[in-house]
Every structure is written in structure tokens, then in C-alpha cells.
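Notes follow once the structure below has been shown.
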Amino acid sequence: MTILHVVVLGLPAQERYKKEHMLQVAIIPGDHNGDLYTFLRPLLNELQTLEAAGMRGTCPDGVYSFNVYWMLTSGDIIGVQEICHHTGHTSQYGCRQCRIKTIPHVSPSGNGIGHYYRETVTMSDPREMNEFIDGDKGFGIKKATEFGSLESFHGHTFFGLDELHLIGANCSRKIWLMISGEYKKVNCTIELPKQICLSIGSAIIESGPTIPSSIFEGSFRGQYYYILSI
1182 MTILHVVVLG LPAQERYKKE HMLQVAIIPG DHNGDLYTFL RPLLNELQTL EAAGMRGTCP
1242 DGVYSFNVYW MLTSGDIIGV QEICHHTGHT SQYGCRQCRI KTIPHVSPSG NGIGHYYRET
1302 VTMSDPREMN EFIDGDKGFG IKKATEFGSL ESFHGHTFFG LDELHLIGAN CSRKIWLMIS
1362 GEYKKVNCTI ELPKQICLSI GSAIIESGPT IPSSIFEGSF RGQYYYILSI
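According to my numbering, the sequence shown is numbered sequentially starting from 1182.
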């Protein structure tokens, strides 16, 4: 199932996530025939009205007028893929935030074709807003997203961060440095003991045969604190 959950970002951070300040708009069954917007269109219609005409609220100290703007729609990778009509992370252009191109290659086990992201020195070009407003089949956006009709729509950032994009931006190396205790002057809550880090490093080295060596440069090194930096 898909849960539509609304957080009012205009509230202070210490208030916005309290139960009484959040809205549960709908719970959509898992089988929605591939069209999530069957359930989202009524909400979008209301949002367009709130953007254009606004709303009035009566408070003890007077009547106030507000315009409401939808700033972010996000979820897990598969959920956002459906909302923005992206072809998915296993397609030729598998990142919804940028135009990095995958390399198709037979999996090491010989069972099917996998799509792999070769490391790059510079980041690929970010997707333009009109790719989502108009659709761009050539780069993996199958058709226009209905959220593009909102005044507040601002492109790929409207759908939140893509975890895989962060990995491609070498974020994983920084996280590993935090886990392995390299940042001595920072109070890091995810730091793990050295022995556990060594075990993780050994497991990654053992996974080497599952990675097509012709796609990637470099090698899996033995020192645990280097494992995730290649």
C-alpha cells in the first residue's frame, strides 16, 4: 500500500512532526493498476486552488488569508519513480536527478544484463525542470509529471534526494569515514568498533567476484578504511 502523509514545513521543526500537526490524506491499496494519479488528482486540484485563491482562517485575534504551496513530494525510490514517471534506476538513464548514463553488461553469473554506473571525476549534468514538465523519453522521463502543473514545482529537487545519486556523488566514502572513526573531533553516533569495520571490509572484498571488473577501474583493497573509497 501507499500512504499519503502531509507535513507542514511552515511549522517549526520541533512542532511539524507532532501527530496533531500532520495530515494523513489517504492510504492507497497496493494494486492501483499502475496509475497512482487516479488517487492524487483530487489532491492536486485542491492544491492548485490553494495556490491561486488561497484560504482564510479565523483566529482569536482576527481573520488571516493564506496561500498554500506544495514544496516537496518524496518517498522510496520506486514510489518516486512512479510519481515523476522515471524509467527506473535499472534503465539506461537510471538517476532521476542527473543524466548519468549506465553501462549494460552481462552479470558475473551470466544471468541477464545488469546496468552499472561507472565512477566519474565530475558529476553528470542535473536534469532540467522542463524534462519533468514536458517529459523526455530520450533521457528516461516517460511523460510529464502532473506535479509540474503546480506553481511551486522546482524540478528534480521537488522529489527529494535520490539515495543512489548521493552514492554516485561519493557520499558513501564520507559516511564510511564516519563509521570507521576517522573524524576524531566529531561526535559521531554511527561510529563502529574497528573489529566490526574489518569484518565489513572483508565481506566487501569477498563480493569482488560479483562485480564486472571490465566496467570499473581500481581494485578492492584490504585495509578496511579504504574499502568504500574506490
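Even glycine gets a Cβ: it sits at the ideal position worked out from N, Cα and C.
If you're wondering where the values come from, they're calculated on a predicted model, not measured in any experiment.
C-alpha gap between E1336 and M1252, whole angstroms: As a working note, residue 1336 is residue 155 in the sequence shown. As a working note, residue 1252 is residue 71 in the sequence shown. It should be pointed out that residue 1336 corresponds to Gly in this sequence rather than to Glu. If you take the alpha carbons of G1336 and M1252, they lie about 11 Å apart.
If you follow the alpha helix (DSSP H) that V1261 is part of, which residue opens it and which one closes it? The residue you call residue 1261 lines up with position 80 of the sequence shown. It spans I1258 to C1265 - the alpha helix (DSSP H) in which V1261 sits, taken as one unbroken run.
Which one of G1275, S1255, G1382 and K1366 has the shortest CA to CA distance from V1188? Taking the sequence shown and counting its residues from 1, one reaches residue 1188 at position 7. Nearest C-alpha to V1188: S1255.
Alpha helix (DSSP H) segments (min. 4 residues) lying fully within the stretch 1253 to 1334: 1258 to 1265 and 1310 to 1315
Compute the distance between the beta-carbons of H1286 and Y1274, then report whether it is under 8 Å. Residue 1286 sits at position 105 when you count from the first residue of the sequence shown. Residue 1274 sits at position 93 when you count from the first residue of the sequence shown. Cβ distance not < 8 Å, so H1286 and Y1274 don't count as in contact.
So, does the stretch 1269 to 1283 touch the stretch 1299 to 1318, judging by three or more C-beta pairs under 8 Å? yes
Contacting residues, own chain, Cβ-Cβ under 6 Å from L1221 (five flanking each side not counted): What you label residue 1221 is simply residue 40 of the sequence shown in a count that begins at 1. Taken in chain order, the list of residues that qualify is empty.
Keeping to the same chain, check which residues put their C-beta closer than 6 Å to that of T1230; ignore five residues upstream and five downstream. Locating residue 1230 in the sequence shown gives position 49, counting from the first residue. The answer is none, since no qualifying residue turns up.
How is C1240 classed by DSSP in three states: helix, strand or coil? Translated into the one-based positions of the sequence shown, residue 1240 becomes position 59. It is a strand residue.
In the DSSP assignment, find the beta strand (DSSP E) that holds A1207 and state where it starts and stops. Position 26 of the sequence shown, counted from the first residue, corresponds to residue 1207. Run containing A1207: L1204 to I1209, per the beta strand (DSSP E) assignment.
If you pair each beta-carbon of the stretch 1261 to 1268 with each one of the stretch 1315 to 1334, do three or more pairs fall below 8 Å? yes
Residue closest to L1379, alpha-carbon to alpha-carbon, out of A1207, F1328, I1360 and G1316: The residue given as residue 1379 occupies position 198 in the sequence shown. Answer by Cα proximity: I1360.
Assuming L1345 contacts H1270 (C-beta within less than 8 Å), just tell me the rounded distance between them. Residue 1345 sits at position 164 when you count from the first residue of the sequence shown. Residue 1270 sits at position 89 when you count from the first residue of the sequence shown. Right, their Cβ atoms sit about 6 Å apart.
Of the residues W1357, G1191 and P1390, the one placed nearest S1288, counting alpha carbons only: Working through the sequence shown from its first residue, we reach residue 1288 at position 107. Comparing Cα positions, the closest option is P1390.
Should G1260 and F1247 be called a contact, given that it needs their Cβ atoms to be closer than 8 Å? If you number the sequence shown from 1, residue 1260 lands on position 79. If you number the sequence shown from 1, residue 1247 lands on position 66. Their beta carbons are not under 8 Å apart, which means G1260 does not touch F1247 by this criterion.
Alpha helix (DSSP H) containing H1346: first to last residue? Within the sequence shown, numbered from 1, the residue matching residue 1346 stands at position 165. It spans E1344 to G1349 - the alpha helix (DSSP H) in which H1346 sits, taken as one unbroken run.
Quick one: grab the DSSP three-state call for I1184. Mapped onto the sequence shown, residue 1184 falls at position 3. Note: I1184 maps to strand in three-state DSSP.
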